[in-house]
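For the sequence shown, the working numbering assigns the number 60 to the initial residue and increments by one for each residue that follows. From the three backbone atoms N, C-alpha and C, an ideal C-beta is built for every residue, glycine too.
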Amino acid sequence: MTVGKVKHPFSPLAIVFYEERNFQGHAHESSSDCADLHPYFKRCNSIRVESGCFMIYERPNYMGHQYFLRRGEYPDNQRMIGINDCVRSCRLIPAHHGSFRMRLYERADLGGQMLELSDDCSNLMDRLHMSDIHSCNVMDGHWLLYEQPNYRGRHYYLRPGEYRRYTDWGAMSPRIGSLRRITDFS
60 MTVGKVKHPF
70 SPLAIVFYEE
80 RNFQGHAHES
90 SSDCADLHPY
100 FKRCNSIRVE
110 SGCFMIYERP
120 NYMGHQYFLR
130 RGEYPDNQRM
140 IGINDCVRSC
150 RLIPAHHGSF
160 RMRLYERADL
170 GGQMLELSDD
180 CSNLMDRLHM
190 SDIHSCNVMD
200 GHWLLYEQPN
210 YRGRHYYLRP
220 GEYRRYTDWG
230 AMSPRIGSLR
240 RITDFS
């Protein structure tokens, strides 16, 4: 009798972290937010997203660089998504089926000129003549803000709520080049 590898029955909305590349080594599954993954594994070199969308973070408590992952396989984190083996927290991004609305402000504490958006914007400077966003209010939906135009560079996950300073969403500067709604949950 030969014993083969048995696939672990992961839950439908799950992200699975593996210590080694190519889904090898110790595995840990999460199907919800987790502020500190360090007790479950020391390093993470590959990830499988069974379904849904997740943000992963380099530091505990949803701090440090953020990486958006949708359903799929990431056999080599460093090569595919640019993160080293330090994954310390994750957030499940819930599916949103309603409208999308966000207000952007040129000053902190929701002050100064305000612009309201309800769709993606590939270049904030070209469209709104504004690239420094010091605060915002996400009224509906879940969004990704990118430091550069055309959805490039470091990005930040925003869920509904007020962000009174750009540091509230984890940015080091107020520069935002583009933004998009999170709509693909297949």
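- CA-to-CA, the gap between ASN209 and ARG239 works out to about 10 Å.
- Linking ILE74 to SER158 through their CA atoms gives a straight-line distance of about 26 Å.
- Taking the Cβ atoms as the reference, VAL146 lies roughly 18 Å from ARG130, outside the contact range of under 8 Å.
- The distance from the Cβ of ASP95 to that of PRO134 is about 25 Å, inconsistent with a contact at the 8 Å cut-off.
- The C-beta distance from CYS112 to PHE127 rounds to 7 Å, short enough to meet the 8 Å contact threshold.
- When the alpha-carbon of ALA154 is set against those of GLN125, ASN143 and GLY200, the nearest one is in GLY200.
- The continuous beta strand (DSSP E) containing LEU238 extends over residues 237-240.
- The C-alpha of GLN137 is placed about 13 Å away from the C-alpha of HIS124.
- Excluding five sequence positions before and after MET114, the CB atoms of its chain that fall closer than 8 Å to its own CB belong to TYR121, GLN125, TYR126, PHE127, LEU128, CYS149, ARG150, ILE152 and TYR216, given in chain order.
- Rounded to the nearest angstrom, the gap between the Cα atoms of LEU176 and ASN104 is 37 Å.
- Considering only MET173, ARG160, LEU187 and HIS193, the residue with the shortest C-alpha distance to ARG224 is HIS193.
- Shown here, ASP95 sits in coil according to DSSP, grouped into three states, outside any helix or strand.
- With a threshold of 16 other beta carbon atoms within 10 Å, GLY236 meets it and is buried.
- Per DSSP, ARG218 lies in no beta strand (DSSP E) and is assigned neither H nor E.
- Annotation: the continuous alpha helix (DSSP H) that includes ASP185 extends over 183-187.
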